[in-house]
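In this note's numbering, the protein residues as written are 1 to 349.
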């Protein structure tokens, strides 16, 4: 069966008027469900080992990348057809919850989008909850426009996690729910980068398929049941597609969330200084800051920048008022200018 790059060649003549991005998306759309079925039972241990090594070799690594594993092809096809990664908040059927701690446990919010900075960690998500062998995909993409790291939140404000656990314990005591692993413990072992897609259904902070998606790697995983009885249970490589129009984002915003705790931001800033994460003349970025920037017309110009490195903004000078779009933009612009970002720079996979 021809691989992703061969498909692009096959379609070049028929779609000569299309852009490179359109060819990439058409290639994925046509070939993602048209692959040679793999019988995991029939693969030798050597074939499984080579298939897994091929997955490892196909994963580009960069501190600017995040990864997302999906079970089946539905999410990839949605990204190809809509041009965006994930579902818009107004279209998603998940809850309106903006509680990060609850999301870590339940994965139920239309405003959050899970990714991982680790190319190894992502592979477990390609089989999801499937108990039988299944196809999955690994999406390699830019960092989200806005994101939060639950682990960092746990370090800076563990109170919101302990409060959540306390409520869970009370529910269990009254027979309203099953016993759960403490959320603080789960978060401690969770290196997730949680993208934020907006603060209301009117917002849409998703990444685009054409520019932000670097690569798709289709894999075949043994499933959870079969994996229990096999010495090697890693996914094997099926096919892959590189996006010729991909370019790194000029900047991303890492924020802190207060989860309804009015004093949380002030406490987190104090602890961030104490832990050496920022200096005493800085403060952490907040959701209010991110909203001010992403809704500012001037900030949109960064979408057209081409760069080899994504500038991460996680703190700003303390004198910049929270949510002041002009002050925030002037600061981010000054940093970008000082690093000569925005020039036409090529980036190769």
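Quick reminder that beta carbons are idealized off the backbone N, C-alpha and C, glycines included.
In this text, all values refer to a predicted model and were calculated from it rather than measured experimentally.
For residue i versus residue j, is the C-beta spacing smaller than 8 Å?
i           : j           : result
residue 315 : residue 285 : yes
residue 133 : residue 40  : yes
residue 205 : residue 255 : no
residue 142 : residue 310 : yes
residue 66  : residue 117 : yes
residue 77  : residue 32  : yes
residue 213 : residue 23  : no
residue 154 : residue 188 : yes
Give me the residue from the options with the minimum Cα distance to residue i.
i           : options               : result
residue 258 : 28, 155, 236 and 99   : 99
residue 216 : 322, 126 and 44       : 126
residue 268 : 26, 83 and 156        : 156
residue 242 : 250, 223 and 211      : 211
residue 266 : 218, 305, 302 and 318 : 318
residue 203 : 91, 51 and 280        : 91
residue 88  : 329, 158 and 208      : 208
residue 328 : 297, 304 and 306      : 297
residue 253 : 288, 237, 244 and 245 : 288
residue 333 : 302, 322 and 307      : 302
residue 260 : 292, 272, 277 and 160 : 160
Buried or exposed, going by whether 16 or more other CB atoms sit within 10 Å of the CB of residue i?
i           : result
residue 240 : buried
residue 63  : exposed
residue 228 : Only weak support is given to the placement of residue 228: the predicted model assigns it a pLDDT of 48, under 50, and the question is left unresolved by the model.
residue 337 : exposed
residue 247 : buried
residue 150 : buried
residue 300 : exposed
residue 144 : buried
residue 119 : buried
residue 53  : exposed
residue 200 : exposed
residue 335 : exposed
residue 74  : exposed
residue 80  : buried
So, for residue i: in the same chain, excluding its five sequence neighbours on each side, which residues have a beta-carbon less than 8 Å away from its beta-carbon?
i           : result
residue 173 : Because the pLDDT of residue 173 is 49, which lies under 50, any placement of that residue in the model is unreliable, and the question is left without a value.
residue 95  : 108, 109 and 110
residue 136 : 69, 70, 71, 72, 125, 126, 127, 128, 218, 219, 220, 221 and 235
residue 47  : 236
Skipping 5 residues on each side, what residues in its chain have a beta carbon closer than 6 Å to that of residue i?
i           : result
residue 112 : 103 and 194
residue 51  : 236 and 237
residue 59  : 119
Between residue i and the ligand MG, is the CB less than 7 Å from at least one heavy atom?
i          : result
residue 35 : This structure lacks the ligand MG; in fact it carries no ligand of any kind.
Counting only the same chain and skipping the five closest in sequence on each side, list residues whose C-beta sits under 7 Å from that of residue i.
i           : result
residue 97  : 103, 108 and 109
residue 321 : 327
Q: Quick one: which unbroken beta strand (DSSP E) runs of 3-plus residues sit fully inside the region 55–122? Chain order, please.
A: 65–71 and 112–115
Q: Could you pull out every unbroken alpha helix (DSSP H) segment of at least 4 residues lying fully inside the region 178–266, listed in chain order?
A: 183–188, 209–212 and 224–227
(Q) Please give me, in chain order, every unbroken run of the beta strand (DSSP E) with length at least 3 that falls completely inside the region 273–329. (A) 282–284, 311–313 and 315–317
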